[in-house]
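Residue numbers (the numbering used here): 2 to 335.
What follows is a set of notes on a single structure, which appears directly below.
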């Protein structure tokens, strides 16, 4: 890269208030890494010790290691990571590794310290890493006077509590008339969007944007310190997805990983979204006559194979995210 080009990049980064170089570490399965290596075969470079491959694109340098860790480094690492978001949602069955990312946040989008103790909106989703079932997304508006009550009720990250408790808490939130907006992206629509080139990250972006917009209409002029989205991609990528559909980032929107551990509004959103997902799984199980499992395990593959044998492969488009590797694995059982 020429000195002039590097200088222009540095100037542009300072103007936008972000760092020039960022990095993201994400865990992938060995199968996913092999898929990535094949995809990047035209831009492969010499691999460092312990690495499966290293590739360089205009957005990032991608280095995949034998441990399953993949490092994305460069000016826009999130752009490359976004291409593999669906693969990163699935745990490594052999090692037991779960998705784990370490993102260096853009300070421009970090929530202010007083956000968690004042009126604010939180948004979260459920079902993104599950083969069966839809994606459910919920945005919740919480006032500072409600924060203590919700904490006493046991509102917290939905992943930390049982499905039965989630259903109970979700019902309680609704009965309290806490303002919220919920959307369900059913599997048929999900698969249609994916076939048209939408990544799961773009779907989640548009879902979050939609539920937040609807919630803002519900609360009208009620004051709030900000909007917090549980971060699943870098803000620049989120904004790019919005722009591609003629939308713009809403004012006072912030991003934070594991936001449900800090924001009671995000935690409430995660509870309602998860409760909706659980209900949808029960509904779909009743339709197909087989209890569908959550997640993307080998048992899920076996259930998918049973469904194909009994009802034909077409049924999967109505109840599953067919681009997941589980579809191919299920066919291996036939």
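Yeah, the Cβ is synthetic: ideal placement off N, Cα and C, and Gly gets one too.
Quick caveat: nothing in here was measured; it's all calculated off a predicted structure.
For residue 294, there is no enclosing beta strand (DSSP E), since its DSSP letter is neither H nor E. Contact annotation: residue 269 and residue 151 have beta-carbon atoms nearer than 8 Å. Within the same chain, Cβ atoms closer than 7 Å to the Cβ of residue 194 are found at 204, the five residues on either side in sequence being excluded. Unbroken beta strand (DSSP E) stretches of 3 residues or longer found wholly inside the region 156 to 223: 181 to 186, given in chain order.
Secondary-structure assignment with DSSP links residue 70 through a beta bridge to 28. Contact between residue 216 and residue 140 holds, since their C-beta atoms are separated by about 5 Å, short of 8 Å. Three or more Cβ pairs closer than 8 Å define a contact, and the region 233 to 250 falls short of that threshold against the region 177 to 192.
Shown here for residue 251: same chain residues with a beta carbon closer than 7 Å to its own, the five before and five after excluded, namely 213, 228 in chain order. Under the DSSP assignment, residue 307 falls in the alpha helix (DSSP H) whose first and last residues are 299 to 312.
The DSSP-derived three-state label of residue 123 is strand. Counting along the chain, residue 238 sits inside the alpha helix (DSSP H) bounded by residues 236 to 245.
Nearest Cα to residue 159 within the set 331, 171, 188: 171. Within the same chain, 159, 272, 275, 276, 279 come within 7 Å of residue 167 by CB-CB distance, once the 5 residues on both sides are set aside. Bounds of any alpha helix (DSSP H) do not take in residue 141; it lies within the beta strand (DSSP E) bounded by 136 to 143.
Taken atom to atom, the span from the alpha-carbon of residue 305 to that of residue 68 is near 29 Å. CA-CA distance, residue 187 to residue 226, rounds to 32 Å.
Less than 8 Å divides the Cβ of residue 61 from the Cβ of residue 75. Closest in C-alpha terms to residue 221, from the list 81, 123, 284, 142, comes 142.
For residue 231, the secondary structure class from DSSP, reduced to helix, strand or coil, is strand. A buried status is given to residue 125, since no fewer than 16 other beta-carbon atoms sit within 10 Å of its beta-carbon. Here the C-alpha atom of residue 206 lies approximately 13 Å from the C-alpha atom of residue 255. Judged by DSSP in its simplified three-state form, residue 75 adopts strand. Each of 37, 308, 109 was checked against the Cα of residue 237, and the nearest Cα belongs to 109. Around residue 318, the same chain offers 188, 189, 192 as residues with beta carbons nearer than 8 Å, after the five sequence neighbours per side are excluded.
Buried is the label assigned to residue 127, since at least 16 other Cβ atoms lie within 10 Å of its Cβ. No Cβ-Cβ contact shorter than 8 Å links residue 309 with residue 208.
The Cβ-Cβ distance between residue 83 and residue 234 falls below 8 Å. Counting the other CB atoms within 10 Å of its CB gives residue 334 a total below 16, which places it among the exposed residues. Cβ neighbours of residue 301 within its own chain (closer than 6 Å, five residues either side excluded): 132, 294, 327. By the CB criterion at 8 Å, residue 80 and residue 66 fall outside the cutoff. Within 10 angstroms of the beta-carbon of residue 156 lie 16 or more other beta-carbons, which makes it buried.
Residue 323 sits in coil when the DSSP states are folded into three classes, being neither helix nor strand. According to the DSSP assignment, residue 149 belongs to the alpha helix (DSSP H) that extends over 148 to 154. Taking the Cα of residue 148 as reference, the smallest distance to any Cα among 161, 162, 121, 286 is reached at 121. In the three-state reduction of the DSSP assignment, residue 41 falls in the coil class, being assigned neither a helical nor a strand state.
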